[in-house]
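Engineer: Protein chains in written order, with this note's numbering: chain A, 1 to 532; chain B, 1001 to 1190; chain C, 2001 to 2068; chain D, 3001 to 3383. We treat Cβ as the ideally placed atom computed from N, Cα and C, and that holds for glycine. On a predicted model such as this, the values are computed, not experimentally measured, just so you know.
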Amino acid sequence: MSTLETTTVTGEQHESHHHGPAAGIGRWLFTTNHKDIGSLYLWFSLLMFLTGGVMALLIRAELFQPGLQLVEPGFFNQMTTMHGLIMVFGAVMPAFVGLANWMIPMMIGAPDMALPRMNNWSFWILPFAFAILISTLFMDGGAPNFGWTFYAPLSTTYAPPSVTYFIFAIHIMGISSIMGAINIIATILNMRAPGMTMMKLPLFVWSWLITAFLLIAVMPVLAGVVTMMLMDIHFGTSFFNAAGGGDPVLFQHVFWFFGHPEVYIMILPAFGIISQIIPTFSRKRLFGYASMVYATASIAILSFLVWAHHMFTVGMPLVGELFFMFATMLIAVPTGVKVFNWVTTMFRGSLTFETPMLFAIAFVVLFTIGGFSGLMLAIAPVDFQYHDTYFVVAHFHYVLVPGAIFAIMAGTYYWLPKWTGHQLNECMGRWHFWLSFIGVNITFFPMHFIGLAGMPRRIPDYALQFADFNMVASIGAFIFGFSQLLFVWNVIHNVRSGEAAPARVWEGAEGLEWEVASPAPYHTFTTPPRVE
Amino acid sequence: MDRIDANRRLVKRLLLGAVLMFGFGFALVPLYDVFCEVTGLNGKITNTGPVAVTQADTSREVQVRMLGINNEGMPWRFVPRESLIVVNPGEMRQTAFMAMNPTAQQMVAQAIPSVSPGEAAQYLHKVNCFCFNAQTLAGGEQVEMPLLFTIDADLPAHIRQITLSYTLFDISPAATATTDAGAQQGGSPI
Amino acid sequence: MKETLKRCWQTVLGVLAGFFGVQSEARRERDFREGRALHFIAIGILLATIFVLFVILLVRWALSLGGA
Amino acid sequence: MGTIRITTCSFMLSLLLVGNAQAAWTLNLTPGVTEISRSVYNLHMTIFWICVAIGVVVFSIMFWSIFHHRKSRGAKAHNFHEHTLVEVIWTLIPLGILVAMAVPATATLIKMYDPSDAELDVQITGYQWKWRYQYLDQEIDFFSNLSTPREQISNEAQKQAHYLLEVDRHLVLPTDTKIRLLLTANDVIHSWWVPALAVKKDAIPGFINEAWTRIEEPGIYRGQCAELCGVDHGFMPVVVEAVPPAEFEQWLADARAQQDAAAAAAGRSWTLEELMTEGEQVYQRVCAACHQPNGTGMPPAFPALVNSPVVLGDVERHIDIVLNGVQGSAMQAFREQLSAAELAAVITYERNAWGNNTGEAVAPSRIVQLLQGDGQSEQEGGQ
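1) Can you find a C-beta in chain A that's less than 8 Å from the C-beta of H3190 (chain D)?
2) Going by the C-beta, is R3132 (chain D) closer than 7 Å to any heavy atom of the ligand PLP?
3) Is the beta carbon of I3204 (chain D) less than 8 Å from the beta carbon of A3226 (chain D)?
4) Check for me: the alpha helix (DSSP H) holding M1074 (chain B) runs from which residue to which?
5) Who are the Cβ neighbours of A56 (chain A) in its own chain at under 6 Å, not counting the five residues just before and after it?
6) Per DSSP, W3049 (chain D) is paired with what?
7) For the structure I just gave you, are there three or more beta carbon pairs, one from the segment 306-325 of chain A and one from the segment 284-294 of chain A, closer than 8 Å?
8) Applying a beta-carbon distance threshold of less than 8 Å, which residues of chain D neighbour E1144 (chain B)?
9) Taking the straight line between their C-alpha atoms, what separation do you get for E3151 (chain D) and E1072 (chain B)?
10) Going by DSSP in three states, G74 (chain A) sits in which element: helix, strand or coil?
11) Please report the straight-line C-alpha distance between M1066 (chain B) and V382 (chain A), rounded to a whole angstrom.
12) State yes or no: is the C-beta of S162 (chain A) within less than 8 Å of the C-beta of T197 (chain A)?
13) DSSP state of T8 (chain A), grouped into three classes?
14) So, at 7 Å on beta carbons, what are the nonlocal neighbours of C1078 (chain B) in its own chain, with the 5 sequence-adjacent residues on each side left out?
15) Closest to A501 (chain A) by C-alpha separation, out of A:V516, A:E62, A:P402, A:A380, would be which residue?
16) What span of residues does the beta strand (DSSP E) with H3078 (chain D) cover, start to end?
17) Using a Cβ-Cβ cut-off of 7 Å (strictly less than) and excluding sequence neighbours within five positions of G511 (chain A), which residues of its own chain qualify?
18) Consult DSSP for Q1105 (chain B) and reduce its assignment to one of helix, strand or coil.
19) Fully enclosed by the segment 3320-3379 of chain D, which alpha helix (DSSP H) runs are 4 residues long or longer?
20) Would you say F1026 (chain B) faces chain A, with C-beta separation under 8 Å as the test?
21) Going by Cα to Cα distance, which pick from A:Y151, A:R283, A:H523 is closest to M229 (chain A)?
22) What residues from the segment 295-309 of chain A come within 8 Å of chain C, judged by C-beta to C-beta, listed N to C?
23) Report the residue from A:W102, A:D461, A:I170 whose alpha carbon sits nearest the alpha carbon of F128 (chain A).
24) For a cutoff of 8 Å on Cβ pairs, would you count A1104 (chain B) as touching chain A?
25) Measure how close the beta-carbons of T443 (chain A) and F480 (chain A) come, nearest whole angstrom, since I'm counting them as under 8 Å.
26) Measuring only between beta-carbons, confirm whether A327 (chain A) sits less than 8 Å from chain C.
27) Going by Cα to Cα distance, which pick from A:F433, A:L377, A:A23, A:A410 is closest to F396 (chain A)?
28) Is it buried or exposed, Q1094 (chain B), if we count other Cβ atoms within 10 angstroms and call 16 or more buried?
29) Between G2066 (chain C) and chain D, is there a C-beta pair that is closer than 8 Å?
30) Using a Cβ-Cβ distance cut-off of 8 Å, determine whether S291 (chain A) contacts chain C.
31) Take the Cβ of P279 (chain A) as the centre, count every other Cβ of all protein chains shown within 10 Å, and call the residue buried at 16 or more, exposed below.
32) For V2020 (chain C), would you say it is in contact with chain D, using Cβ-to-Cβ distances shorter than 8 Å as the test?
33) Of all the CB atoms in chain D, is at least one closer than 8 Å to the CB of V218 (chain A)?
34) Between E1952 (chain C) and chain D, is the shortest Cβ-Cβ distance under 8 Å, so that the two count as touching?
35) Please state if the CB of A332 (chain A) and the CB of G370 (chain A) are separated by a distance shorter than 8 Å.
36) Is V3231 (chain D) helix, strand or coil by DSSP?
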């Protein structure tokens, strides 16, 4: 990025850094600067987003019409699996970590992350993890083909040989996430500027603090479950193998014990970003900040109690079904109504609609739709009809694409002028927004219908009554997919040129990050600011 | 510097937390068994071995459906002697499964029991069962494998039908070896 | 002693407010001024356990009504 | 494309306006043909309308603010940012609605979990990639395979109405009878799903699950496997044919007669031509999907049968592979899936078709011997 200006701040320098970044590739390989690492994370995530997106388009192209046209069913399964894994672990999570790296130190008045060297490692092992994962596509027997939820025994006894590489890739991603989380917690707890009490933390920081604790709690469980798989496959244990007294359903329990909090890991930082953006463009403080913080924190604990609602059809006893149905319904409401807080923040504000705000509003509307279908899925007897159909696909894509991904894009547009020192090209931003918004809805809304009509997920070919909506969804996917090239163009263009941005890029923006110059100097807050 | 100490302490604690959670992932395995025992989650039978003789409750009848299932690649003929048994709770009942190895080779099999509804599992006592041990049959050999069970008189009144299934898995040393080799190559020799 | 009890009670109220998802600014300020994070986490886990027991009781009750 | 999108829009609109406007396309869940499926449908519609109502209120307020509180219209930001009472109220109302929802949901769930006093027990076993149905007290046992021709899937032929939702043998069930379904699987986890019955239950290897249904209307109801189970997960449909009880009795008798006839057929002697004719039919139905109609296969996954050392070599090894499959490969064990006569016919066909002119015929009686396990001495002699 074009943060080449040297800092004007005097005083003690952090680590071994001099006034500016090192030159050449070494700057990126050995950097311990939170802004550089943040950029690396964000570029990496963009690359993964495009890779996973190409896979999604391949899936949608195959599903454009009934019949097998482009790919074999076996390869189709590899695509759905890789698309899921790459988007979850390669696009969404690293993007949030990237935003955290860039913004958290600036928001709390810290000179850098608490553990800069670990920060470098936690990023640089990620490309290796994904190189391993993607290389499985070229292996004998193909890439993992058992879905991103990799249920045993399909992923153990019946897995392709590449499953071992998949397990190692998951291990490396897990280590990276845990290191990233530790770093973020240490930064937030130990590096705040004097006067920046916990009470004054911006909501993005709060949501990330809670997310980081969730990561530390569940990524090891994921590591545990893949380790058990590894032992079953290679060392003759029988954790999930019924023949040896194991239980394939146990796999699902352990997986979803990780998986449900993982859902929150992918959405809480999005809540944080939206809670920064909406007040800025409403020129009004966030409504119910205290409630937001409390609700977010309690999600962290309560999200461990509802995992089995992902597996209502495995044949749990009635007591279990009712427990998880009641618990899910009770927990859903207090968190779901946080949407009302955003709406109330906008109410009686003074609204303007720059690109970040457009994405934020779309987030509120479309995430709510995803929340509604989530509520429907919580009702166990009806879930028997929805489970593993396109209704579920529609649900979690509404939560993750116009949810997490839109929030990431909103955040990128919101902070991009701070990173590059250039004002956004609003016109192009709007084009990107409207094409994405229309594309996302054309893609995922019809999936509700085909799911209700009875189309199971993860199938490469379908019955004729699903044909029309699948065609619509595929068209939408291509609109959405190609409009992301606009995003790439917007970002690159903004890095290279644009009107000079002032320190406070947005009129209503508040917080320490808007006190430093745009672009943010390579080192910020080397002398801690004093907050109020 | 104070901050560095604080960081170090925090990192240690968080790493410890991560390691503990890794351990917890594995602890979920025995926890799950306990959980299943309490709730009958997966229909695993945990009550085995001798039981005190109790009075049969002749006022109630429970239908027990017996199923013999072969898992993939298991060529044995495996059928219950009686498909449907009517028992009184508390009554000790003897039945058997017939197994026959139609191949030329000696094979070893393990029968895995499962009960539905899962809730009934904790009321089903198996005093003696062929599933306690692996079964070895020479090529062409046929055996009758005994099963001695009783249903607890405390069985909730709403359970009137129980299904007890045995799935036979091939655990012959030769078979498991070829499975590995075959799975790695992923092709049929035909 | 009385002071500890009172603070404990306030922590419980704070956690309950979190579970419900609504808290006022004034109470939050008091929680953050007087409370300790560890206490909140401990009470949170405790109350989550109570929540689990409560839902289990709810299920039992529903089953007894439902006649199953 | 334009017309499609326009009709789509009008359909979405009509869904919102009329609720259950569904003519040519299915937009909504089926109400189904059982008491349970109707309560599930009602629950679904109730929760759907609750969501719509909440959505309308929230989004109206939001769009009203977006319109009226724009800076460009001169709106000044008010400075309120907290109102605990309002927050409590807007949390309590949805909570109350949801608790009200939980009551009928619980009642339906309890009904679903009561399979007692079933009059008919059917065991359903999931295989990669087909279903096996066993009527436990009627001694009927058969496999149900996808019957959509390969050419339709590869777009070489016009797709028929029930494309991918048709099977060679339906699961025939009587109406107005409580039927218990006992589900398990042979290899990986499958999930047996028929939307019209509102039954979806996982079939798990080594474990037994149960579900039940009482179908009220005769008809054919189609569903699919709902749990990713490998390559052909999308190609293992479920077809239930519900018939009145009297007709069901007749069907049972016919099915039993058919099974007996197959057993008798294995007992008599067959000529090479008979075996070849029967074998070709079986081959095209069962084997051609992988080994191709002309026996060329799709190496490396599906080897060619033309000039194959197995097919041209020792007959006992060939029989063994067809009967017991090849562990760890896509080659399944067909001993339970085909009758003795069919097995003999298809092996004979493979050994004599496409220029594999071994001239050998495999007698069905030989297969019967092997299936019943008294062919050891010969087999050992053959090895």
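Structural biologist: Taking the coordinates as given:
1) Translated into positions along the fourth sequence, residue 3190 (chain D) becomes position 190. No, its Cβ sits nowhere closer than 8 Å to a Cβ of chain A.
2) The ligand PLP is absent from the structure shown, which contains no ligands of any kind.
3) Indexing the fourth sequence from 1 puts residue 3204 (chain D) at position 204. Indexing the fourth sequence from 1 puts residue 3226 (chain D) at position 226. Between I3204 (chain D) and A3226 (chain D), the CB-CB gap reaches or exceeds 8 Å.
4) Position 74 of the second sequence, counted from the start, is the residue given in the question as residue 1074 (chain B). It is not in any alpha helix (DSSP H) - M1074 (chain B) carries neither H nor E in the DSSP assignment.
5) For the purposes of this step, residue 56 (chain A) is identified with residue 56 of the first sequence, where counting begins at 1. Here the set comprises H83.
6) Position 49 of the fourth sequence, counted from the start, is the residue given in the question as residue 3049 (chain D). In DSSP, W3049 (chain D) forms no bridge with anything.
7) No, because fewer than three Cβ pairs between the segment 306-325 of chain A and the segment 284-294 of chain A fall closer than 8 Å, the two stretches do not touch.
8) Working through the second sequence from its first residue, we reach residue 1144 (chain B) at position 144. Correct list: empty, because the minimum Cβ distance to chain D is about 15 Å.
9) Counting from 1 along the fourth sequence, the entry for residue 3151 (chain D) is found at position 151. Counting from 1 along the second sequence, the entry for residue 1072 (chain B) is found at position 72. Whole-angstrom Cα-Cα distance: 29 Å.
10) Within the first sequence, numbered from 1, the residue matching residue 74 (chain A) stands at position 74. Three-state DSSP puts G74 (chain A) in a helix.
11) Taking the second sequence and counting its residues from 1, the one referred to as residue 1066 (chain B) is at position 66. Taking the first sequence and counting its residues from 1, the one referred to as residue 382 (chain A) is at position 382. If I take the Cα positions, the gap works out to 31 Å.
12) One-based indexing of the first sequence puts residue 162 (chain A) at position 162. One-based indexing of the first sequence puts residue 197 (chain A) at position 197. No. Outside cutoff.
13) As a working mapping, residue 8 (chain A) is identified with position 8 in the first sequence. In this prediction, T8 (chain A) scores a pLDDT of 36, lower than 50, which makes its location untrustworthy; the coordinate-derived value is nonetheless stated afterwards. Assignment of T8 (chain A) by DSSP, reduced to helix, strand and coil, places it in the coil class.
14) Working through the second sequence from its first residue, we reach residue 1078 (chain B) at position 78. A quick correction: the sequence has Phe, not Cys, at residue 1078 (chain B). When the five nearest sequence neighbours on each side are left out, the beta carbons in the same chain lying within less than 7 Å of the beta carbon of F1078 (chain B) are those of G1068, N1070, F1097, A1099, L1168, in order along the chain.
15) By one-based count along the first sequence, residue 501 (chain A) stands at place 501. Looking at A:V516, A:E62, A:P402, A:A380, the one whose alpha-carbon comes closest to that of A501 (chain A) is A:V516.
16) Against the fourth sequence, residue 3078 (chain D) aligns to sequence position 78. For H3078 (chain D), no beta strand (DSSP E) segment is defined, and its DSSP state is neither H nor E.
17) Residue 511 (chain A) sits at position 511 when you count from the first residue of the first sequence. Once the five neighbours on either side are set aside, the close Cβ partners of G511 (chain A) are M107, P202.
18) As a working mapping, residue 1105 (chain B) is identified with position 105 in the second sequence. Looking at Q1105 (chain B) - three-state DSSP - the assignment turns out to be coil, as it is neither helix nor strand.
19) DSSP runs (the alpha helix (DSSP H)) wholly in the segment 3320-3379 of chain D: 3340-3352, 3364-3372.
20) Counted from its first residue, the second sequence places residue 1026 (chain B) at position 26. Closer than 8 Å to the CB of F1026 (chain B) there is at least one CB belonging to chain A.
21) On the first sequence, residue 229 (chain A) is found 229 positions in, with the first residue counted as 1. Out of A:Y151, A:R283, A:H523, A:Y151 has the C-alpha closest to the C-alpha of M229 (chain A).
22) For the segment 295-309 of chain A, residues whose beta-carbon sits nearer than 8 Å to a beta-carbon of chain C comprise A295, A297, S298, I301, L302, F304, L305.
23) Position 128 of the first sequence, counted from the start, is the residue given in the question as residue 128 (chain A). Comparing C-alpha distances from F128 (chain A) to each of A:W102, A:D461, A:I170 shows the shortest one belongs to A:I170.
24) On the second sequence, position 104 is the one that residue 1104 (chain B) refers to. So no, A1104 (chain B) is outside the interface.
25) Locating residue 443 (chain A) in the first sequence gives position 443, counting from the first residue. Locating residue 480 (chain A) in the first sequence gives position 480, counting from the first residue. Their Cβ separation, rounded to whole angstroms, is 6 Å, which keeps T443 (chain A) and F480 (chain A) in contact under 8 Å.
26) Translated into positions along the first sequence, residue 327 (chain A) becomes position 327. Answer yes: the Cβ-Cβ gap between A327 (chain A) and chain C drops below 8 Å somewhere.
27) Along the first sequence, one-based indexing puts residue 396 (chain A) at 396. Measuring from the Cα of F396 (chain A), the nearest candidate turns out to be A:L377.
28) Position 94 of the second sequence, counted from the start, is the residue given in the question as residue 1094 (chain B). Q1094 (chain B) should be labelled exposed.
29) Position 66 of the third sequence, counting from 1, holds the residue named residue 2066 (chain C). With 8 Å as the cut-off, G2066 (chain C) counts as an interface residue toward chain D.
30) Start at 1 with the first residue of the first sequence, and residue 291 (chain A) comes out as number 291. Interface residue, yes.
31) Along the first sequence, one-based indexing puts residue 279 (chain A) at 279. Result: buried.
32) Locating residue 2020 (chain C) in the third sequence gives position 20, where the first residue counts as 1. For the sequence presented, residue 2020 (chain C) should be read as Phe rather than Val. Cβ-Cβ to chain D under 8 Å: yes for F2020 (chain C).
33) Indexing the first sequence from 1 puts residue 218 (chain A) at position 218. Among the residues facing chain D, V218 (chain A) is not included, as its CB has no counterpart in that chain under 8 Å away.
34) Absent from the structure is residue 1952 (chain C), since the part of chain C shown begins at 2001 and ends at 2068.
35) Taking the first residue of the first sequence as position 1, residue 370 (chain A) is located at position 370. Taking the first residue of the first sequence as position 1, residue 332 (chain A) is located at position 332. Taking C-beta atoms as the reference points, G370 (chain A) and A332 (chain A) fail to come closer than 8 Å.
36) Taking the fourth sequence and counting its residues from 1, one reaches residue 3231 (chain D) at position 231. Note: V3231 (chain D) maps to coil in three-state DSSP.
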